[in-house]
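A.B. asks:
Residue numbers (our numbering), protein chains in the order written: chain U, 634 to 973; chain P, 634 to 973; chain D, 634 to 973; chain X, 634 to 973.
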């Protein structure tokens with residue numbers, strides 16, 4: 634029997650991120666209770682169900698949505714299923730936490746946001762970096778005027794190694810798959826919309842990436858509506874680990890976030906003074922952010938507030954990604970208003 | 634019914650540290666199962682029991698020791714109860730994790746270690762810092778010869794604020810209460826025994842600390858049996874937070890551990906470049922170390938190995954502490970052999 | 634009587650930089666001897682002549698060029714005089730060290746480079762940053778393959794405060810006056826030519842800067858002929874001091890140069906851990922670089938080698954600057970081939 | 634003919650430090666004029682005289698002292714000559730800058746200070762580190778109360794490599810030769826006298842150092858008259874370069890000085906993030922401090938003020954050094970009052 638003081642949750646998808654969410658909901662968020670998981674992989678589902686005492690396993694999300702004790706769903710299945718699941722969940726009056734991206738087509742996103750809006754359920758999109766303790770504090774410092782009026786935003790965002798080519802083929806390309814997080818970060822930190830974007834790209838790491846029409850290296854110029862200028866640089870392969878730095882420069886100074894390192898050891902030897910490399914990848918770097926975003930989602934249901942990352946926040950970075958693609962194809966700056 | 638593949642654990646004491654251990658055993662250590670908690674505070678015990686589905690609550694440790702499904706006990710009650718509980722637990726053939734110090738009297742420790750030895754149970758003492766990821770790696774680097782032969786050890790260990798005077802009165806003084814961790818760290822990192830110690834102290838922070846015969850500031854010189862020299866400095870009050878740094882210098886260089894900070898923000902403003910202060914105190918700084926020490930204890934039971942912190946490791950820092958006290962009273966270096 | 638083993642030097646212009654060069658030539662470069670200075674400010678000239686035992690003071694550069702003991706001239710007068718002086722000096726068979734920019738018009742630069750070439754004298758242009766110990770080592774590390782193949786170049790270059798509006802009016806604008814150094818740095822570090830450039834700008838600091846048609850904030854995208862991507866950000870006003878950082882990212886890692894600070898003090902107080910701000914401006918930050926560039930010039934005369942910064946190196950950044958201007962005017966990427 | 638507005642200086646000794654002083658006096662201190670140098674090495678003297686236009690070369694300091702245009706002498710000859718020269722200089726009414734130590738015998742120092750006092754000339758002792766920009770600012774911060782009341786002083790002072798054994802034999806040992814600078818630094822920073830000292834030492838680097846009765850590694854505890862505690866650690870051989878760090882901890886926080894590095898390069902590669910090692914040795918690290926101490930000496934003559942490092946400042950570190958020696962011999966804390 635479900636505890637009525639808790640938010641009943643169903644989790645759809647038990648891949649890497651789905652499993653992280655299940656663990657957090659079961660172990661670290663006392664106000665939530667996972668009542669059902671939906672997975673095509675029955676073995677993993679069974680293991681998770683036993684480890685975390687989850688009463689129901691389903692293989693189709695409709696079964697999960699039929700569970701009347703479920704108040705909210707976490708959509709962590711593959712991107713191509715998000716639209717259908719989100720719309721069905723909204724119609725079933727379940728609040729929705731949906732992993733990014735909602736979809737790769739703007740039209741499909743718009744349709745889904747409409748259905749969600751009509752149903753009145755909450756929708757939070759999984760831009761986890763907004764909940765990273767560093768970026769959260771950075772945003773607060775900017776908002777409070779620590780650096781006065783912002784003038785320049787710099788984002789460095791580099792992965793330790795590229796995903797498999799098969800994944801890249803369906804990913805929508807570097808801007809929709811990887812830079813999308815940086816576009817979200819830019820909007821989050823500056824608190825304004827991007828007006829125009831200019832992107833350049835190159836293939837340095839793996840010629841196959843070029844053969845599927847993608848880039849592994851990119852530099853992007855942003856111009857916000859309020860005139861603030863920004864620049865993002867991306868690489869699919871930083872051999873030294875996950876490189877996630879941001880700097881915001883303004884009329885009263887500069888605030889920056891550096892990389893997180895796993896320890897504070899310094900070795901000072903004959904050939905130099907050596908410190909540890911950044912944490913390897915997003916699972917390590919954003920470990921706590923994944924927990925905090927889910928806590929925030931559950932809390933927004935309990936106290937009935939707007940989620941911290943809205944449907945609109947889920948849509949606009951996709952739009953910016955298409956502008957970046959158009960910019961690189963036509964080698965010119967592209968206004969966001971050109972992308973609908 | 635207890636899961637026979639798991640280590641059944643009883644936890645005695647539900648104060649700050651006891652609660653941390655219960656949480657870790659219940660949430661993060663799948664091989665352990667907390668079957669009973671013993672507490673004088675029935676309200677806290679009830680809350681913990683409900684939150685973590687702990688089947689038994691007791692008010693006297695003997696009841697807990699009578700539980701035949703319990704394989705091991707965690708002793709996190711007040712220091713003056715450790716001896717009696719540890720001896721009873723050993724006689725009841727329960728493995729023991731005992732918070733430091735085992736006792737403040739060397740004779741009582743010796744007696745207890747004898748009882749433990751005869752009973753054949755395992756005993757691990759709660760020197761949590763040995764499990765801190767930074768110090769663990771530091772020790773490995775030294776052991777592997779990264780800095781060649783060590784010559785000098787420097788430990789800085791400062792608390793953010795002194796404990797209440799009432800606590801200080803029964804604590805055994807700064808060397809037995811606070812520096813004891815640094816003495817353990819010194820032995821752990823250098824892998825050798827201290828031969829002689831010289832201590833000086835002062836009262837800077839609160840005259841009341843002096844009135845109860847204690848010091849709030851201390852500088853200690855260590856000489857190891859193998860000739861390595863060491864120095865420790867302690868303060869009961871670093872206004873900028875918990876200061877826990879170690880540096881080991883040797884024939885091939887130097888390795889050091891710095892303070893852990895809660896974020897990687899840098900603000901560069903008109904008046905300077907500002908970074909965040911160290912984590913506030915031991916609960917934050919050694920959060921993960923508390924989990925790792927308990928995992929290590931459970932693991933030592935399962936695979937039947939010697940605990941990573943032995944009874945001897947629990948005794949010797951107390952002995953060093955008495956040598957420090959004698960040194961400060963007589964203002965002269967004191968050999969460890971003088972303290973029995 | 635001039636020492637025949639030394640290079641006889643005449644210095645034209647006794648402003649801030651001219652004075653720095655005179656000091657270095659007289660005090661720190663034993664192989665050089667300043668024989669004449671040319672200045673419109675007779676008072677300063679007299680003071681300098683007395684302090685450094687300089688035998689001749691002139692008010693017109695022709696008098697200086699007539700001095701047969703002079704082997705080389707340092708041109709540190711105002712930009713609009715460079716062309717005439719450089720051509721006259723070349724015709725008088727004097728080697729030339731010319732402050733940047735040679736001129737603001739490409740045609741005038743080309744003409745001057747022709748005259749210099751025909752005369753056979755050496756010409757070194759004053760891109761002092763190439764001689765900064767940090768950037769020098771950075772360039773060597775890149776050249777030696779420390780980071781493998783470079784993929785991304787990031788330059789941050791911000792002044793502590795804008796120059797007077799009267800100066801800005803004749804400066805050629807931010808790209809020709811300020812970014813020109815970064816264009817040179819980009820070419821120096823990457824060892825390849827820029828193919829295309831895209832620039833955006835804004836007026837954040839002083840509306841007057843906008844009124845004279847200039848920008849005080851800029852973000853620039855570079856694409857090199859070999860495909861390497863780069864980004865530069867500029868501001869005329871960093872309240873925390875001169876901000877001069879470079880990062881080069883490549884297939885085997887990343888090398889970066891940070892800001893130089895005047896001391897290594899850290900204050901760890903209740904409100905944060907505070908370190909010192911960067912050195913105030915170019916005179917402080919590039920103090921030693923100004924000496925090293927002059928030593929290098931004198932040395933290139935003595936051992937008869939090509940100067941480390943050639944006439945071509947003096948011209949191309951101007952060309953890039955015009956491309957940046959065109960880019961910002963037409964809001965599109967501009968190929969260097971469009972600028973002649 | 635001497636310029637009457639300048640301080641006429643004679644320099645005695647043209648070894649490494651003497652040569653540095655001559656260079657500074659001739660090139661960088663316009664208010665001083667070197668009129669004579671005294672050296673047993675006529676070749677070096679001739680070279681220096683020619684390079685810096687020094688009119689007189691002498692082989693005995695008395696000839697130099699006879700020069701009536703000389704107002705002040707710089708004593709940079711070997712330690713065993715200091716006493717005789719200083720006394721003769723005082724009797725000749727020349728102000729004195731004397732390299733440390735004035736002498737190794739306290740009685741000889743006392744006698745010399747008496748002669749100096751009677752003569753009325755100024756005496757500055759060459760504790761150059763007081764003029765290091767970092768330590769100077771550290772001392773000011775402490776004096777201004779940045780850290781409130783100081784509680785603990787930590788000095789790390791390690792040389793890159795030991796001097797030749799022949800030198801060590803006559804050096805007075807590590808405490809009089811090397812730690813003497815740290816004793817001076819301790820007094821300078823804390824602004825109080827040391828009351829008691831405890832020293833331990835070891836021979837780690839070269840057994841020959843032990844054979845001549847000296848140590849190459851030492852840890853020292855200081856207790857100041859006002860109760861402040863201090864600790865110094867020394868090594869004759871830090872393979873990573875000259876290690877000169879100081880930290881002062883007090884009621885309101887902590888200030889520290891780190892090592893100076895030759896550049897700001899960071900290489901972030903597969904095996905770690907690597908920064909540059911400290912400057913190699915004192916000539917590099919204290920380059921500017923040597924200039925500033927000499928400027929300060931000349932200035933104290935011109936404006937007739939007390940030198941920044943007095944005869945007493947020259948004596949007390951020697952006294953502390955003897956206390957350290959006695960402490961290590963008798964393995965007990967030694968009061969400064971025991972050393973006369």
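Beta carbons: idealized from backbone N, C-alpha and C, even for Gly. Since the structure is predicted, the reported quantities are computational estimates derived from the model, not experimental observations.
On the criterion of 16 or more Cβ atoms from any shown chain inside 10 Å, does residue 703 of chain X qualify as buried, or is it exposed?
C.D. replies: Position 70 of the fourth chain, counting from 1, holds the residue named residue 703 of chain X. Buried: at least 16 other Cβ atoms inside 10 Å.
A.B. asks: Distance, Cα to Cα, residue 809 of chain X vs residue 757 of chain P?
C.D. replies: For the purposes of this step, residue 809 of chain X is taken as residue 176 along the fourth chain, with counting starting at 1. For the purposes of this step, residue 757 of chain P is taken as residue 124 along the second chain, with counting starting at 1. For residue 809 of chain X and residue 757 of chain P, the distance between alpha carbons rounds to 48 Å.
A.B. asks: Near residue 792 of chain U, what residues of its chain come up, given a Cβ to Cβ distance below 6 Å and the 5 sequence neighbours on each side ignored?
C.D. replies: Working through the first chain from its first residue, we reach residue 792 of chain U at position 159. 869.
A.B. asks: Based on Cα-Cα distance, which residue from D/950, D/931, D/919, D/831 lies nearest to residue 961 of chain D?
C.D. replies: Indexing the third chain from 1 puts residue 961 of chain D at position 328. Residue 961 of chain D has its Cα closest to that of D/831, out of D/950, D/931, D/919, D/831.
A.B. asks: Would you kindly work out how many angstroms separate the C-alpha atoms of residue 786 of chain U and residue 813 of chain D, rounded to a whole number?
C.D. replies: Your numbering for residue 786 of chain U matches position 153 in the first chain. Your numbering for residue 813 of chain D matches position 180 in the third chain. Taking the straight line joining both Cα atoms gives about 22 Å.
A.B. asks: How would you label residue 1008 of chain D, buried or exposed, when you count the other beta carbons within 10 angstroms and need 16 or more for buried?
C.D. replies: Absent from the model: residue 1008 of chain D. The displayed extent of chain D is 634 to 973, so no value can be given.
A.B. asks: Who does residue 689 of chain X pair with in a DSSP beta bridge?
C.D. replies: For the purposes of this step, residue 689 of chain X is identified with residue 56 of the fourth chain, where counting begins at 1. For residue 689 of chain X, which the question treats as bridged, DSSP gives the partners X/669.
A.B. asks: Does the beta-carbon distance from residue 861 of chain X to residue 969 of chain X come in below 9 Å?
C.D. replies: Here the question's residue 861 of chain X lines up with position 228 in the fourth chain. Here the question's residue 969 of chain X lines up with position 336 in the fourth chain. No, the Cβ-Cβ distance between residue 861 of chain X and residue 969 of chain X is not below 9 Å.
A.B. asks: Can you confirm whether residue 634 of chain P, when its beta carbon is compared against all beta carbons of chain U, has any partner nearer than 9 Å?
C.D. replies: Here residue 634 of chain P is taken as the residue at index 1 of the second chain, counted from 1. With a pLDDT of only 49 at residue 634 of chain P, under 50, the local geometry of the prediction cannot be trusted, and the value read off the model is given with reservation. Not an interface residue.
A.B. asks: If we call anything under 9 Å between Cβ atoms a contact, is residue 954 of chain D one with residue 735 of chain D?
C.D. replies: Walking along the third chain from the start, residue 954 of chain D turns up at place 321. Walking along the third chain from the start, residue 735 of chain D turns up at place 102. Going by C-beta atoms, residue 954 of chain D is not nearer than 9 Å to residue 735 of chain D.
A.B. asks: Tell me the DSSP secondary structure of residue 706 of chain U in three-state form.
C.D. replies: Indexing the first chain from 1 puts residue 706 of chain U at position 73. Residue state, collapsed to three classes: strand.
A.B. asks: Would you kindly work out how many angstroms separate the C-alpha atoms of residue 839 of chain X and residue 859 of chain P, rounded to a whole number?
C.D. replies: Taking the fourth chain and counting its residues from 1, one reaches residue 839 of chain X at position 206. Taking the second chain and counting its residues from 1, one reaches residue 859 of chain P at position 226. So the two alpha carbons sit approximately 16 Å from each other.
A.B. asks: If you check the beta carbons only, do residue 903 of chain U and residue 676 of chain P fall under 9 Å apart?
C.D. replies: For the purposes of this step, residue 903 of chain U is taken as the residue at position 270 of the first chain. For the purposes of this step, residue 676 of chain P is taken as the residue at position 43 of the second chain. No; because the gap between Cβ atoms is not below 9 Å, this pair is not in contact.
A.B. asks: Can you give me, in chain order, the residues of the region 887-914 of chain D that have a beta carbon less than 8 Å from any beta carbon in chain X?
C.D. replies: Cβ contacts with chain X: 887, 888, 889, 890, 891, 892, 893, 895, 896, 897, 898, 899, 900, 901, 902, 903.
A.B. asks: Starting from residue 872 of chain X, find everything on chain U with Cβ-Cβ shorter than 7 Å and list it in chain order.
C.D. replies: The sequence position of residue 872 of chain X within the fourth chain is 239, counting from 1. Going along chain U in sequence order, the residues near residue 872 of chain X (Cβ under 7 Å) are 903.
A.B. asks: Taking C-beta to C-beta, are residue 718 of chain D and residue 645 of chain D nearer than 9 Å?
C.D. replies: Taking the first residue of the third chain as position 1, residue 718 of chain D is located at position 85. Taking the first residue of the third chain as position 1, residue 645 of chain D is located at position 12. In contact: residue 718 of chain D and residue 645 of chain D (Cβ atoms closer than 9 Å).
A.B. asks: Among P/655, P/641, P/652, P/681, which residue has its Cα nearest to the Cα of residue 666 of chain P?
C.D. replies: As a position in the second chain, residue 666 of chain P is number 33, starting the count at 1. Selected option, being the one with the closest Cα: P/641.
A.B. asks: Mind checking the region 817-851 of chain D against chain U and listing, in chain order, the residues whose C-beta falls within less than 7 Å of any C-beta there?
C.D. replies: Within the region 817-851 of chain D, the residues whose Cβ lies closer than 7 Å to some Cβ of chain U are 831, 833, 835, 837, 850, listed in chain order.
A.B. asks: Please classify residue 727 of chain P as buried or exposed, where buried requires at least 16 other C-beta atoms within 10 Å of its C-beta.
C.D. replies: As a working note, residue 727 of chain P is residue 94 in the second chain. It counts as buried.
A.B. asks: Starting from the Cα of residue 834 of chain U, find the closest Cα among D/647, D/864, D/658, D/652 and give me that residue.
C.D. replies: As a position in the first chain, residue 834 of chain U is number 201, starting the count at 1. It is D/864.
A.B. asks: Expressed to the nearest angstrom, what Euclidean distance is found between the alpha-carbon atoms of residue 714 of chain U and residue 657 of chain U?
C.D. replies: Locating residue 714 of chain U in the first chain gives position 81, counting from the first residue. Locating residue 657 of chain U in the first chain gives position 24, counting from the first residue. Going by the C-alpha atoms only, they are around 23 Å apart.
A.B. asks: By the three-class DSSP mapping on this structure, what secondary structure does residue 634 of chain P have?
C.D. replies: Start at 1 with the first residue of the second chain, and residue 634 of chain P comes out as number 1. The predicted position of residue 634 of chain P is uncertain, since its pLDDT is 49 and thus under 50; a value taken from the coordinates is nonetheless stated next. Three-state result, residue 634 of chain P: coil.
A.B. asks: Could you tell me whether any Cβ in chain X is nearer than 9 Å to the Cβ of residue 946 of chain P?
C.D. replies: Locating residue 946 of chain P in the second chain gives position 313, counting from the first residue. Cβ-Cβ to chain X under 9 Å: no for residue 946 of chain P.
A.B. asks: Against chain B, does residue 779 of chain D count as a neighbour if the rule is that its beta carbon must be under 9 Å from one of theirs?
C.D. replies: In the displayed structure, chain B is absent; the protein chains listed are U, P, D and X.
A.B. asks: Could you work out which residues of chain X lie near residue 766 of chain D, taking near to mean beta carbons separated by less than 8 Å?
C.D. replies: Looking up residue 766 of chain D in the third chain gives position 133. In chain order: 895, 896.
A.B. asks: For chain P, check one thing: does any of its Cβ atoms lie closer than 9 Å to the Cβ of residue 684 of chain U?
C.D. replies: As a working note, residue 684 of chain U is residue 51 in the first chain. Output row for residue 684 of chain U: interface = yes.
A.B. asks: Roughly how far, in whole angstroms, is the beta-carbon of residue 842 of chain P from the beta-carbon of residue 795 of chain P, given that I think they are within contact range, below 8 Å?
C.D. replies: Reading the second chain from its first residue, position 209 is the one you call residue 842 of chain P. Reading the second chain from its first residue, position 162 is the one you call residue 795 of chain P. That belief holds up - the Cβ atoms of residue 842 of chain P and residue 795 of chain P are roughly 6 Å apart, short of 8 Å.
A.B. asks: At a CB distance below 7 Å, what residues from the region 646-666 of chain P approach chain U? Give them in sequence order.
C.D. replies: Residues 660.
A.B. asks: With a threshold of 8 Å, are at least 3 pairs of Cβ atoms found where one atom belongs to the region 910-928 of chain P and the other to the region 895-914 of chain U?
C.D. replies: Output reads no: the region 895-914 of chain U does not touch the region 910-928 of chain P.
A.B. asks: When DSSP labels each residue in this structure, what does residue 972 of chain D get in the three-state scheme?
C.D. replies: As a working note, residue 972 of chain D is residue 339 in the third chain. It is coil, neither helix nor strand.
A.B. asks: Return the residue from the list X/687, X/900, X/934, X/723 that minimises the CA-CA distance to residue 746 of chain X.
C.D. replies: Counted from its first residue, the fourth chain places residue 746 of chain X at position 113. Residue 746 of chain X has its Cα closest to that of X/723, out of X/687, X/900, X/934, X/723.
A.B. asks: Between residue 639 of chain D and the rest of its own chain, which residues show a CB-CB distance below 7 Å, the 5 nearest in sequence each way excluded?
C.D. replies: Residue mapping note: residue 639 of chain D aligns to position 6 of the third chain, counting from 1. Excluding residues within five positions, the ones whose Cβ falls inside 7 Å are 664, 665, 666.
A.B. asks: Return helix, strand or coil for residue 784 of chain D, following the three-state DSSP convention.
C.D. replies: On the third chain, position 151 is the one that residue 784 of chain D refers to. If DSSP states are grouped into helix, strand and coil, residue 784 of chain D belongs with the strands.
A.B. asks: Less than 9 Å between the beta carbons of residue 709 of chain P and residue 729 of chain P, yes or no?
C.D. replies: The residue given as residue 709 of chain P occupies position 76 in the second chain. The residue given as residue 729 of chain P occupies position 96 in the second chain. Cβ atoms of residue 709 of chain P and residue 729 of chain P: not closer than 9 Å.
A.B. asks: Would you please state the rounded distance, in angstroms, between the beta carbons of residue 761 of chain D and residue 926 of chain D? I believe it to be under 8 Å.
C.D. replies: Within the third chain, numbered from 1, the residue matching residue 761 of chain D stands at position 128. Within the third chain, numbered from 1, the residue matching residue 926 of chain D stands at position 293. Indeed they touch by this definition, with Cβ atoms about 5 Å apart.
A.B. asks: Kindly indicate the opening and closing residues of the beta strand (DSSP E) around residue 599 of chain D.
C.D. replies: Because chain D in this structure spans residues 634 to 973, residue 599 of chain D falls outside the shown range and cannot be described.
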